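Accompanying notes for the structure given below.
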Amino acid sequence: MERNLKRKHPVLHVAFKTVLILLLSVIMILVLIVSLWNGLKYLVYRDYYAVSKVLRNNPGLNDGYVNQGNCYYEKDDIFLTSGYMKNKNLASRIYSVNKDNKTFFTSVYEDENTLCNLHFGGMTYHDNYFFVASDSKLIALNKDDVLNKEKSIIQYRIDVNNQASFVFSDDNYFYVGEFNDSKQYKTNNHEKINNSLTYHAIISKYDAKSIKEGATPVLKEIYHIRDQVQGVCITDSSRIVLSTSWGLSPSKFYVYNAPTKVARTDENNIPHYYLDDSLLADVIEGPSMAEDLDYHDGRVITSSESASNKYIFGKLFFYNKIEGLLIG
Numbered sequence: 176m177e178r179n180l181k182r183k184h185p186v187l188h189v190a191f192k193t194v195l196i197l198l199l200s201v202i203m204i205l206v207l208i209v210s211l212w213n214g215l216k217y218l219v220y221r222d223y224y225a226v227s228k229v230l231r232n233n234p235g236l237n238d239g240y241v242n243q244g245n246c247y248y249e250k251d252d253i254f255l256t257s258g259y260m261k262n263k264n265l266a267s268r269i270y271s272v273n274k275d276n277k278t279f280f281t282s283v284y285e286d287e288n289t290l291c292n293l294h295f296g297g298m299t300y301h302d303n304y305f306f307v308a309s310d311s312k313l314i315a316l317n318k319d320d321v322l323n324k325e326k327s328i329i330q331y332r333i334d335v336n337n338q339a340s341f342v343f344s345d346d347n348y349f350y351v352g353e354f355n356d357s358k359q360y361k362t363n364n365h366e367k368i369n370n371s372l373t374y375h376a377i378i379s380k381y382d383a384k385s386i387k388e389g390a391t392p393v394l395k396e397i398y399h400i401r402d403q404v405q406g407v408c409i410t411d412s413s414r415i416v417l418s419t420s421w422g423l424s425p426s427k428f429y430v431y432n433a434p435t436k437v438a439r440t441d442e443n444n445i446p447h448y449y450l451d452d453s454l455l456a457d458v459i460e461g462p463s464m465a466e467d468l469d470y471h472d473g474r475v476i477t478s479s480e481s482a483s484n485k486y487i488f489g490k491l492f493f494y495n496k497i498e499g500l501l502i503g
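Numbering follows our numbering, with no gaps: position 179 of the sequence shown is 354.
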């Protein structure tokens, strides 16, 4: 074909060769960039990889699913993620992955026939329910449905006092927080400290015993936090870890010592704390698009949404694992 093209249409032949050379050059440059970054990332994010351990494959990334929440279910040694579908006409999902990296997902429904396609955020497990943060609520799902059935029907909802982008729980408390970037995603919980500092988002700490169907959650404390927070967890040493990310910028994991000084008490006698630099114990930079957090066995559990089909680039850089950061 090329010989006939050269003989009959010499100009087209030159154009064809030029386009082919350009295309191959672009491919070679992309391959070089990907290979280079896959080596350099261990240097750029050396503090992250020094404490990071791969725990499981991050499931559902090739299904049009965009992972947001992370949760560990200790009884069966299962990691779970919650998220939404790139195709907004599909139900939100929760994926689980066992120790053999076998995956399963359940689609979430309002009732037997009505799918739920909310932008699911973080998730946690407590008292036989998985709870997903979304739409200023905690959404309760039956444990056995999530782990074993193709369809999980929402059992009940709990209203909270923020936009509920992420959630973490331990035996005693739920920590429910919100994401703010002051542009596309804006919150209402603004706290102006001085002319140069305003907190735009909060984490609300609730009594875990009050998180039940038909009950009003009992608010214990409020933490005022920085922008772009995607997740929170509490370590065994009572440190507070926040994950932040936005776009292609590096993710950051802020490690705070637990606050002891109450900044103020509101009209409902709820203590407020500021997670500021005076409490900051460490900041670890890692790959972009880190999401919600959980905590198990001394490790902060995290994953990136960058390898989902919505963003793709994370597939090239192997950001397709659930990882644990050794932060005590």
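Think of the CB as a built atom: it goes at the ideal place given N, C-alpha and C, for glycine as much as any other residue.
Bear in mind the structure is a predicted one, so any value in this text is a computation, not a measurement.
> I think Gly-406 touches Gly-297, with their Cβ atoms under 8 Å apart; what is that distance to the nearest whole Å?
Replying inline: 6 Å
>> Going by DSSP in three states, Tyr-270 sits in which element: helix, strand or coil?
In response: strand
> Quick one, are the C-beta atoms of Glu-554 and Lys-427 less than 8 Å apart?
Replying inline: Residue 554 lies beyond the stretch modelled for the chain, which goes from 176 to 503, so this question has no answer here.
> Among Ile-400, Leu-500, Leu-491, which has the Cα closest to the Cα of Ser-478?
Replying inline: Leu-500
>> Just to confirm, is the Cβ distance from Tyr-284 to Leu-290 under 8 Å?
In response: A Cβ-Cβ contact shorter than 8 Å links Tyr-284 with Leu-290.
>> Between the alpha carbons of Pro-425 and Glu-498, how many angstroms are there, rounded?
In response: 16 Å
> How would you call Gln-359, buried or exposed, if buried means at least 16 neighbouring beta carbons within 10 angstroms?
Replying inline: Label assigned to Gln-359: exposed.
> By Cβ distance below 6 Å, which residues in the same chain neighbour Glu-396 in space, the five residues on each side in sequence not counted?
Replying inline: Lys-380, Pro-446
> Just how far apart, CA to CA, sit Tyr-217 and Asn-323?
Replying inline: Taking the Cα positions, Tyr-217 is about 38 Å away from Asn-323.
> For Ser-478, which residues does DSSP report across the bridge?
Replying inline: Bridge partners of Ser-478: none, in fact.
> Excluding the five sequence neighbours on either side, which residues of its own chain have a C-beta within less than 7 Å of the C-beta of Gly-503, listed in chain order?
Replying inline: Thr-410, Asp-411, Ser-412, Gly-473
>> Between the segment 305-323 and the segment 244-261, can you find at least three pairs of beta-carbon atoms closer than 8 Å?
In response: Judged by pairs of C-beta atoms under 8 Å, the segment 244-261 touches the segment 305-323, as three or more such pairs exist.
> Using CA coordinates, which residue listed in Asn-288, Ser-311, Asp-251 is at the minimum distance from Ser-327?
Replying inline: Of the listed residues, the one whose Cα sits closest to Ser-327 is Asn-288.
>> Rounding to the nearest angstrom, what Cα-Cα distance links Gln-403 and Gln-338 in this structure?
In response: 13 Å
> With a CB to CB cut of under 6 Å and the five nearest residues on each side skipped, what residues in its chain are close to Tyr-300?
Replying inline: For Tyr-300, where only same-chain residues beyond five positions count, the Cβ hits under 6 Å are Cys-246, Tyr-248.
> Would Leu-450 pass as a contact of Tyr-470 if the rule is Cβ separation under 8 Å?
Replying inline: no
> Between the Cα of Asn-242 and the Cα atoms of Lys-318, Asn-370, Phe-341, which residue gives the shortest distance?
Replying inline: If we check each option's Cα against that of Asn-242, Phe-341 comes out closest.
> Among Asn-264, Ser-271, Gly-244, Ser-311, which has the Cα closest to the Cα of Asp-251?
Replying inline: Ser-271
>> Measuring only the C-alpha atoms, how far is Arg-439 from Asn-370?
In response: 18 Å
> What do you reckon, are the CB atoms on Ser-385 and Glu-325 nearer than 8 Å?
Replying inline: no
> Relative to the alpha-carbon of Lys-367, which residue among Asn-213, Val-393, Arg-401 has its alpha-carbon at the smallest distance?
Replying inline: Arg-401
> How far does the beta strand (DSSP E) with Asp-312 in it reach, from first residue to last?
Replying inline: As written in the sequence, residue 312 is Lys, which differs from the Asp given in the question. Counting along the chain, the beta strand (DSSP E) containing Lys-312 begins and ends at 312-317.
> CB-CB under 7 Å to Ser-483, same chain, minus the five flanking residues each way: which ones, in chain order?
Replying inline: Shown here for Ser-483: same chain residues with a beta carbon closer than 7 Å to its own, the five before and five after excluded, namely Leu-236, Tyr-240, Val-241, Asn-242 in chain order.
> Looking only at C-alpha atoms, which of Met-203, Val-219, Asn-276 sits nearest to Pro-234?
Replying inline: Asn-276
>> Whole angstroms are fine: how far does the CA of Ile-253 sit from the CA of Leu-313?
In response: 21 Å
> Does the beta-carbon of Met-203 have 16 or more other beta-carbons within 10 angstroms, so that it is buried, or is it exposed?
Replying inline: exposed
>> I need the DSSP call for Met-260, collapsed to helix, strand or coil.
In response: Annotated three-state conformation of Met-260 is strand, per DSSP.
>> Tell me the rounded alpha-carbon separation between Asp-441 and Phe-343.
In response: 24 Å
> Ordered along the chain, which non-local residues of its own chain (more than five positions away) have a Cβ less than 6 Å from that of Asn-336?
Replying inline: Once the five neighbours on either side are set aside, the close Cβ partners of Asn-336 are Ser-379.
> Which two residues bound the contiguous beta strand (DSSP E) that contains Val-458?
Replying inline: Membership of Val-458 in the beta strand (DSSP E) is indicated by the continuous run 455-461.
> Does the distance from the CB of Lys-496 to the CB of Asn-273 come in under 8 Å?
Replying inline: No, they are not a contact pair.
>> Going by DSSP in three states, Asn-242 sits in which element: helix, strand or coil?
In response: Assignment of Asn-242 by DSSP, reduced to helix, strand and coil, places it in the strand class.
> Once you ignore the five residues that flank Phe-488 on each side, which residues in its own chain have a CB closer than 7 Å to its CB?
Replying inline: Cβ neighbours of Phe-488 within its own chain (closer than 7 Å, five residues either side excluded): Ser-481.
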